[in-house]
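To start, the structure itself, in structure tokens.
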Amino acid sequence: MIRRSMTAMQKELSRALNRGQLSLCYQPKVDLRCGVVTGNEALLRWNHPKWGTVSPNEFIPVAEQVGLEVPIGEWVLQTACLQNKRWQDQGHPPMSVSVNLSARQFAQPDLFEKIEAVLQETGLDPRYLDLEITESMMMDVDRSIDTLQKLKTIGVSISMDDFGKGYSSLAYLKRFPIDTLKIDRSFVQECMSDIQDATIVKTIISMARNLNLHVIAEGVEHPGHLMFLQQNLCDQAQGYLFSRPLPAEELECRFPEIPQV
Ligand code: C2E
Ligand code: CA
Ligand code: CA
Ligand code: CA
């Protein structure tokens with residue numbers, strides 16, 4: 012393994028965007044009733060010429076330290092919307108694209124205007140954009156609700172990522188205008204071996220159903236996970252069992268044929 016110092020990472024990351032070293036992979040979200048792909052989550056990749064692929068879990072904290080979270084986040088949003096629009100223009104059945112927001116991006120006072128501008132520029136219908144946020148981002152509660160409400164008004168949907176991992180989840184659920192709960196991978200992965208995790212997954216699914224929210228399980232790796240989720244009426248799933256996150260060109264090869272007219 013190559014050792015990289017924090018300062019080296021900071022320096023290299025500030026050039027990564029301009030040098031075209033950042034890219035997006037996409038991971039399908041599958042509807043468990045009909046098996047159809049309903050959307051794709053955009054996941055950031057850093058391909059460094061010497062270090063190879065650096066994990067976002069490693070470089071996103073570095074981006075925070077050097078204040079690059081917002082510009083990188085804006086690049087992700089722009090690129091993901093553009094790609095999704097391109098797929099639609101090519102005639103593929105419309106799917107949504109999910110974009111992860113960083114805490115600092117979510118705290119930007121002009122976030123709504125920026126998102127609106129990206130949708131306008133790329134021509135993507137807002138109904139096909141989904142934003143993934145986490146509970147820990149909801150520091151300024153009133154402003155967060157206001158931003159989310161404005162986004163919903165134009166048709167953008169909101170998913171609560173890593174659900175179950177944070178605190179005060181239930182109070183937030185009542186106040187925030189969200190569409191989807193994403194059950195954190197850690198509960199899903201143990202749902203067949205750990206009775207407590209199984210109970211947590213079942214409880215989140217039934218709570219979501221009763222609150223009229225969509226629910227999606229992440230980290231589905233095993234056919235047993237899938238069976239468990241289907242038995243407990245989970246709406247959607249995402250994970251290596253269906254597909255790893257793939258570059259756009261590789262994912263395209265797996266789309267259904269475009270009907271010839
Ligand atoms: P996340 O949003 O919870 O994304 C899911 C992570 O689980 C991804 O890791 C994905 O590759 C991985 N994963 C998907 N299916 C499976 C599975 O079946 N098994 C296992 N073990 N893992 C699975 P990735 O791509 O390394 O991203 C890690 C985290 O980095 C993300 O967690 C997210 O918090 C962050 N991240 C990634 N892209 C972006 C981005 O564009 N912006 C921001 N702010 N954060 C991002
Ligand atoms: Ca996510
Ligand atoms: Ca997640
Ligand atoms: Ca997670």
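All residue numbers for the sequence shown refer to the working numbering, where the first residue is 12 and numbers rise by one.
Here a beta-carbon is modelled for each residue, glycine too, at the ideal position from N, C-alpha and C.
Review point. From which residue to which residue does the alpha helix (DSSP H) around P60 run?
Key: Premise fails: P60 is in no alpha helix (DSSP H) and is neither H nor E.
Review point. Looking only at its own chain, which residues have a Cβ that is under 6 Å from the Cβ of E229, when we skip the five neighbours before and after it?
Key: K193, R196 and Q249
Practice item. Confirm, please, whether the CB-CB distance from G166 to M203 is below 7 Å. Key: no
Check your understanding: Which term fits M150, buried or exposed, when burial requires 16 or more other beta carbons within 10 angstroms of its beta carbon?
Key -> exposed
Review point. Can you list, in chain order, the residues of its chain whose CB lies under 6 Å from that of P6, leaving out five sequence neighbours each side?
Key: Outside the displayed range of the chain (12 to 272) lies residue 6, so it cannot be described from this structure.
Review point. Relative to ligand 1, is the shortest distance from any of its heavy atoms to the C-beta of E4 smaller than 6 Å?
Key: There is no way to answer for residue 4, as the model of the chain reaches only from 12 to 272.
Review point. Thinking C-beta only, is N68 closer than 7 Å to V108?
Key: no
**Study point:** Proximity of D5 and V226 at Cβ, strictly below 7 Å
**Key:** Lying before the first or after the last residue shown, residue 5 is absent from the chain, which here runs from 12 to 272.
Check your understanding: What is the chain-ordered set of residues for which the beta carbon lies under 6 Å from any non-hydrogen atom of ligand 2?
Key -> E52, N111, E143 and D172
**Study point:** Nearest to K22 (by Cα), restricted to the options F70, P258 and P39
**Key:** F70
Check your understanding: Using a threshold of 6 Å, is the CB atom of Y251 nearer than that to any non-hydrogen atom of ligand 1?
Key -> yes
Exercise for review: Would you kindly check if the distance between the Cβ of I144 and the Cβ of L112 is under 7 Å?
Suggested key: yes
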